[in-house]
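Sequences listed follow chains A and B, in order.
For this note's numbering, add 6 to where a residue sits in the first sequence, where the first one is 1.
For this note's numbering, add 6 to where a residue sits in the second sequence, where the first one is 1.
What follows is a set of notes on a single structure, which appears directly below.
There are 2 protein chains.
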Amino acid sequence: MNTFFEQNNVYLLENPELAEAFQNIMTYQKYPKHTILHEAGKVCNHMYIIVSGISRVFYYKEDKDITCYFAAEKETMTAIDSFIQRTKSKYFVEALEDLEVFKIAHSDLENLFESNPKYERFGRLFLQQLYIDLVERIDDLQLHTAQERYKKLLAKKPYLFKRVHAKHIASFLGMTPETFSRVRGNDHKND
Amino acid sequence: MNTFFEQNNVYLLENPELAEAFQNIMTYQKYPKHTILHEAGKVCNHMYIIVSGISRVFYYKEDKDITCYFAAEKETMTAIDSFIQRTKSKYFVEALEDLEVFKIAHSDLENLFESNPKYERFGRLFLQQLYIDLVERIDDLQLHTAQERYKKLLAKKPYLFKRVHAKHIASFLGMTPETFSRVRGNDHKND
DNA sequence: TTCTTTTCTTGACAATTGTCAAGAAGAGTT
DNA sequence: AACTCTTCTTGACAATTGTCAAGAAAAGAA
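Here it is in structure tokens:
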């Protein structure tokens, strides 16, 4: 996954004007653990940049709760389908820990993009990085065993395994909690 | 998958200026079947809009040939990792049929984006749609059986099943050719 | 703390998918 | 057409993963 500040800091931090422009449309906000920041069925009008805490995006597939995205410090999060297409979302966004975030309204972001091409450009470059991240995730899911998917995520985002319920990671990896538990058990043996 | 002309026709066709700008940087080209349009290990400097024919993007995972993308008429195609990041690609791009395409150089596209914010804007909106398509593909792979993945693709892109080798569709769907064959067999029974 | 609820682990078994091998079917060439 | 090469299908079996159930462990509430 991508981070607004880290992976694109070239654009947001090295250019004071860009940083200021974004700061002007961001509002700092806190949410307690378990808060639902966005509900499925509604149009999502905000995106969030996480200052502290972890959140997840999930949806229901035949009563089963499927996590499709995690966001932690410095990462961004929104109900992406709705935020982009301006339609009702299938996703929920939930705080898994107490959250501190910067909140950005869709309309403000659009206005910013329209106000000056350099912001539009930043938006495009940012999306490009998100796109690359997704391509990688597809590769992972397309032809890897449960064990391999587990190891890859553990290497990439070890903190998830300490801070997030196993069942959420399991569904994110496309396996049952039971399989996740067994795969984790195997992995510990190889230490 | 997305199409330059279809899904974004709002932008490309309704605005004659935009259409003309793109036509100025596109060159029409033909490639015979089996042509490798891009080789892994090289930086990919072009994207293609397909006029006729079908192509695929693939890579090797431990000697196994994995297809990760198909593009047919009106769709776009490139070695996306390299085209976006300007690094060596892991992907090959291959013509599965005789191809007629419009070819666009990365540099020309960048220049176009920089020349006027409305092109930059089109680029961003186009990427947004590609992103949504990928999110959908992840949903498919994350928690569906081989049978379900087969049926979804058959409903969405039936022409693939007539024009492309089964083994390529199988790897695209994340299953072996044998499983693909059996799943296809099951499906015919339910007619 | 104790009590309650949820999550995690483990076993037994079932379903799905992969592997290997052999033959059939199909495409391409001469 | 015959020949060659590749792809597709099918069977037998193995490996992986899912389902269900029960108990252990952990987290949250009183």
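Glycine is no exception: its CB is placed at the ideal position from the N, C-alpha and C atoms.
It should be emphasised that the depicted structure is a prediction, and the values quoted were computed from it without experimental measurement.
Practice item. Find the nearest neighbour of A:Phe-76 within the set A:Ser-88, A:Gln-134, A:Leu-140, judged by alpha-carbon distance. Key: A:Leu-140
Exercise for review: Quick one: residues in its chain with C-beta nearer than 7 Å to the C-beta of B:Lys-96, no 5 flanking neighbours on either side, listed in chain order?
Suggested key: Ala-46, Tyr-65, Asp-87
**Study point:** Reduced DSSP secondary structure (H/G/I, E/B, other) of A:Leu-43
**Key:** strand
Point to revise | Short CB-CB distance (under 9 Å) between A:Asn-14 and chain B | key: Residue placement at A:Asn-14 is flagged as unreliable, the pLDDT there being 41, under the threshold of 50; the coordinate-derived value follows with that caveat. No, A:Asn-14 lies away from the interface with chain B (no Cβ there is under 9 Å from its Cβ).
Practice item. Tell me, please, whether the stretch 97-108 of chain B touches the stretch 33-51 of chain B by the rule of three or more beta-carbon pairs shorter than 8 Å. Key: yes
Check your understanding: Can you give, in chain order, each stretch of the alpha helix (DSSP H) that sits fully within the stretch 109-139 of chain A and has at least 4 residues?
Key -> 112-121
**Study point:** Proximity of A:Glu-118 and A:Ile-31 at Cβ, strictly below 9 Å
**Key:** The amino acid occupying residue 118 of chain A in the given sequence is Leu; Glu does not appear at that position. Result yes, Cβ atoms of A:Leu-118 and A:Ile-31 sit closer than 9 Å.
**Study point:** B:Lys-173 to A:Arg-127 span [Cα, whole Å]
**Key:** 40 Å
Review point. B:Ile-60 and B:Val-170 look like a contact to me (Cβ under 8 Å); what is the Cβ gap, rounded to whole Å?
Key: 6 Å
Exercise for review: Could you check what DSSP says for B:His-52 in three-state terms: helix, strand or coil?
Suggested key: strand
Review point. Under 7 Å Cβ-Cβ, which residues of chain B neighbour A:Ile-55?
Key: What A:Ile-55 touches in chain B: nothing, since even the nearest Cβ is about 18 Å away.
Check your understanding: Which residues in the same chain as A:Ala-152 place their Cβ atom closer than 6 Å to its Cβ, once the five residues preceding and following it in sequence are excluded?
Key -> Met-181, Thr-185, Val-189
Check your understanding: What do you get for B:Thr-93, buried or exposed, if any count of 16 or more other CB atoms within 10 angstroms of its CB means buried?
Key -> exposed
**Study point:** Residues within the stretch 77-94 of chain A neighbouring chain B, beta-carbon criterion of under 7 Å
**Key:** Ile-86, Asp-87, Ile-90, Gln-91
**Study point:** Terminal residues of the alpha helix (DSSP H) in which B:Asp-104 lies
**Key:** From DSSP, B:Asp-104 is part of no alpha helix (DSSP H); its letter is neither H nor E.
Exercise for review: Can you tell me which of the three DSSP states B:Asp-69 falls into?
Suggested key: coil
Point to revise | First through last residue of the beta strand (DSSP E) which encompasses B:Lys-36 | key: 32-37
**Study point:** Span separating the alpha-carbon of A:Ala-51 from that of A:Gln-134
**Key:** The sequence given here has Asn at residue 51 of chain A, not Ala. A:Asn-51 and A:Gln-134: Cα-Cα distance of roughly 21 Å.
Check your understanding: Between A:Gly-180 and chain B, is there a C-beta pair that is closer than 9 Å?
Key -> yes
Point to revise | Start and end residues, alpha helix (DSSP H) containing A:Lys-157 | key: 152-162
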